[in-house]
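Undergrad: First to last, the sequence lines map onto chains A and B.
36 is the number of the first residue of the first sequence in this note's numbering; add one for each residue after it.
162 is the number of the first residue of the second sequence in this note's numbering; add one for each residue after it.
For each residue, glycine too, the CB sits at the ideal point set by N, CA and C.
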Amino acid sequence: MKSIFLIDDDPIFVYLTRRIIASINCPCQINEFTDGELAISYLSQIGDQAELLPDVIFLDLSMPVMDGWEFLKEYSELKPKLKKDIALFIVSSSISPHEVERSKSYRAVTDFLIKPVEKGKIIEIMDNVKV
Amino acid sequence: MEQLDRQKAFYENILNKLPTDIAVFDAEHRYLFVNPGAISKEEYRKFIIGKDDYEYVAYRNRDISVAHQRRAKFLEVKNSGKEIRWEDTLPDPQGNMITHLRRMYPVYDEHGELSMVIGFGIDITDRKKMEEKQAALVTQLSTRNTQLTDFCSIVSHNLRAPLVNMSMLADFIEASDDPAEQKMLISKLRPVIDNLHATFNELVESIQIRQDLEIKREDVCLKDCLQRTIDGLQTEINKLGAKIETDFTEIGVINYPPQYLNSIIHNLVSNSLKYHYPGRRPLISIKTRKEGEKVILSVEDNGLGIDLVKHRENFFKIGKVFHRHPNAKGFGLYMTKTQVEAMGGRIWVESVPEEGSVFNIEFDNRIKKVS
Chain A
36 MKSIFLIDDD PIFVYLTRRI IASINCPCQI NEFTDGELAI SYLSQIGDQA
86 ELLPDVIFLD LSMPVMDGWE FLKEYSELKP KLKKDIALFI VSSSISPHEV
136 ERSKSYRAVT DFLIKPVEKG KIIEIMDNVK V
Chain B
162 MEQLDRQKAF YENILNKLPT DIAVFDAEHR YLFVNPGAIS KEEYRKFIIG
212 KDDYEYVAYR NRDISVAHQR RAKFLEVKNS GKEIRWEDTL PDPQGNMITH
262 LRRMYPVYDE HGELSMVIGF GIDITDRKKM EEKQAALVTQ LSTRNTQLTD
312 FCSIVSHNLR APLVNMSMLA DFIEASDDPA EQKMLISKLR PVIDNLHATF
362 NELVESIQIR QDLEIKREDV CLKDCLQRTI DGLQTEINKL GAKIETDFTE
412 IGVINYPPQY LNSIIHNLVS NSLKYHYPGR RPLISIKTRK EGEKVILSVE
462 DNGLGIDLVK HRENFFKIGK VFHRHPNAKG FGLYMTKTQV EAMGGRIWVE
512 SVPEEGSVFN IEFDNRIKKV S
């Protein structure tokens, strides 16, 4: 089973994303985190347990406590210690070219997806995950 | 001989008519020449020849520090053998601040001995004022630019996000054949719409603050203002058993736009309640004090506090939320800061995590004492 970490504080968006994933016939385990800090502290706990680490992270930018950018900073430091190659997608409602540009400075970021994310894109991402 | 006198008069005339102040010193810093640009009264001009600045300030009954400063500049030129330049700003007899660009340089005779030091100054007050205006403009522009960036970010994140949710929900509703499911999805639209509405209103309000330069000030009684906040938050205050202390003995009335002051106090008190330390009875202490010409209003609590090492830079930024709270949107402090700054004041915070926070607001000096 593939595993996804959904880091987003917007319950409606999380609900809708879950529904899209459920509809694509790809059995997945989804873990939700409502801010970057909850996600980073869990990731650092399970860093050496490949079976617990996700295949894909969907990361929102605008979040309380620790936003997406702050998460990326800490995640970039943590990444070399993680026992799994994780694809990380920023999923943001932002259409600011400045933010897209900024995301390119993080090697940990696979791509910048602008909400709403098409079902086809999610299928493509999940197909790319090798189990 | 007559020709020589004519020549002397000619050159003196030039030196006297130059719109520059000129002073020439011997190697011991005694005056050899000053023109009317430097000292307008002939009597003083005559006195100073052959004397130094210490004798002159004593004669004119001026502060000796002026002589110290001039001696220091002179020695700098004499010892280095090089020209120096500096700017000084002093009040003229009418009390206007006048800025001069001054230069001083040594002149040597054929044996390489210092024969004199020439100093002159040009009034650059106009240029200085222009520079100050430009600097103020640059500051204003960069503030505006930050505001614009904030605005773009808020439109992008806080307005577009609910729109995305609404359009996704609409897609799901359209795709569904099950009325029960459709109904459930429709019920999810309501909070999204409410959220969009609230964000929109707050955004409009913050733009209005920036445009409302002519907003009316009046004398606002802090006690009444706080009472309105307490009335509005009574349920919350009772629920938490919060205690609110005040000390407005030093300053009880502030000349300020009443709606701003209401909003500022409401925001700060409601924040203190919202971010109370779990299980600790909230104690909020609101005080005013005078610091010189300024009035400081402080709101202190014993709440969650905040890690300023991490968050100082973003503290008052729009959309920034530091605690997990369902109703936090990151608008309140941004609005408070906008209101305070629109009226020429400033706001800052001191805090220790898990102990509490103090918000300080400095109002400008248009104050009224308690009558």
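Residues of chain B with CB under 9 Å from K150(A), in chain order?
TA: Those are R321, A322, V325, N326 and M329, listed as they occur along chain B.
Undergrad: Less than 7 Å between C-beta atoms, sequence neighbours within five positions excluded: which residues of the same chain meet that for H318(B)?
TA: Cβ neighbours of H318(B) beyond the five flanking positions: G480.
Undergrad: Kindly identify the DSSP beta-bridge partner or partners of W247(B).
TA: For W247(B), which the question treats as bridged, DSSP gives the partners R263(B).
Undergrad: State yes or no: is the C-beta of S128(A) within less than 8 Å of the C-beta of K114(A)?
TA: Result no, Cβ atoms of S128(A) and K114(A) do not sit closer than 8 Å.
Undergrad: So, at 6 Å on beta carbons, what are the nonlocal neighbours of E411(B) in its own chain, with the 5 sequence-adjacent residues on each side left out?
TA: Contacts found: T449, R450 and K451.
Undergrad: Under 8 Å by Cβ, that's how I've got I47(A) and N326(B) pegged, so tell me the actual separation to the nearest angstrom.
TA: That pair is a contact at about 5 Å.
Undergrad: Mind pulling the chain B residues with CB within less than 8 Å of L94(A)?
TA: Result: empty, since nearest Cβ-Cβ is about 14 Å, beyond 8 Å.
Undergrad: CA-CA distance, F477(B) and L494(B)?
TA: Cα to Cα, the separation comes out at about 6 Å.
Undergrad: Would you say I130(A) faces chain B, with C-beta separation under 8 Å as the test?
TA: Chain B contact via Cβ: present.
Undergrad: For F544(B), count neighbouring C-beta atoms within 10 Å of its own C-beta (all shown protein chains included) and say buried if the count is 16 or more, exposed if not.
TA: This structure does not reach residue 544(B), given that chain B is present from 162 up to 532, and the question cannot be answered.
Undergrad: Helix, strand or coil for P252(B), going by three-state DSSP, please let me know.
TA: Strand, per DSSP.
Undergrad: Terminal residues of the continuous alpha helix (DSSP H) containing N66(A)?
TA: No alpha helix (DSSP H) holds N66(A); the beta strand (DSSP E) holding it covers C63 to F68.
Undergrad: Buried or exposed: M101(A), going by 16 or more other Cβ atoms within 10 Å of its Cβ?
TA: It counts as buried.
Undergrad: Roughly how many angstroms separate the alpha carbons of G402(B) and Q420(B), rounded to a whole number?
TA: Using only the alpha carbons, I get a separation of about 27 Å.
Undergrad: Identify the residues that DSSP records as bridge partners of V185(B): which are they?
TA: Its beta-bridge partners are F194(B) and I279(B).
Undergrad: Nearest to K119(A) by CA position, among I130(A), P89(A), L94(A) and F93(A), is which residue?
TA: K119(A) has its Cα closest to that of P89(A), out of I130(A), P89(A), L94(A) and F93(A).
Undergrad: Can you tell me which of the three DSSP states I447(B) falls into?
TA: In this structure, I447(B) counts as strand in the three-state DSSP scheme.
Undergrad: Name the DSSP beta bridge partners of T407(B), please?
TA: BP columns for T407(B) point to I447(B).
Undergrad: Pick out whichever of D332(B), D355(B), N356(B) and H358(B) has its Cα sitting closest to the Cα of L346(B).
TA: Out of D332(B), D355(B), N356(B) and H358(B), D332(B) has the C-alpha closest to the C-alpha of L346(B).
Undergrad: Which same chain residues, not among the five before or five after A184(B), have their C-beta less than 6 Å away from its C-beta?
TA: Only V195, A199 and G280 meet the Cβ criterion.
Undergrad: Measuring only between beta-carbons, confirm whether C386(B) sits less than 8 Å from chain A.
TA: No, its Cβ sits nowhere closer than 8 Å to a Cβ of chain A.
Undergrad: Span of the beta strand (DSSP E) holding A122(A)?
TA: A122(A) -> beta strand (DSSP E) spans A122 to S127.
Undergrad: Can you name the residues that DSSP bridges to I457(B)?
TA: Per DSSP, R450(B) and E523(B).
Undergrad: Using a Cβ-Cβ cut-off of 6 Å (strictly less than) and excluding sequence neighbours within five positions of F492(B), which residues of its own chain qualify?
TA: Closer than 6 Å at Cβ, skipping near neighbours: E363.
Undergrad: In whole angstroms, give me the CA-to-CA distance for C382(B) and E134(A).
TA: The straight-line gap from Cα to Cα measures roughly 45 Å.
Undergrad: Does any C-beta atom of chain A lie closer than 8 Å to the C-beta of A297(B)?
TA: So no, A297(B) is outside the interface.
Undergrad: Does the Cβ-Cβ distance between E112(A) and G71(A) come in under 8 Å?
TA: Cβ distance not < 8 Å, so E112(A) and G71(A) don't count as in contact.
Undergrad: So what's V299(B) in DSSP terms, helix, strand or just coil?
TA: In this structure, V299(B) counts as helix in the three-state DSSP scheme.
Undergrad: With 8 Å set as the bound, which would you pick, yes or no: does the beta-carbon of D146(A) sit closer than that to a beta-carbon of chain B?
TA: With 8 Å as the cut-off, D146(A) does not count as an interface residue toward chain B.
Undergrad: Counting contacts by CB-CB distance shorter than 8 Å, is I47(A) in contact with chain B?
TA: Yes, contact with chain B.
Undergrad: Could you tell me whether the Cβ of K349(B) comes closer than 8 Å to any Cβ of chain A?
TA: Yes - at least one Cβ of chain A is within 8 Å of the one on K349(B).
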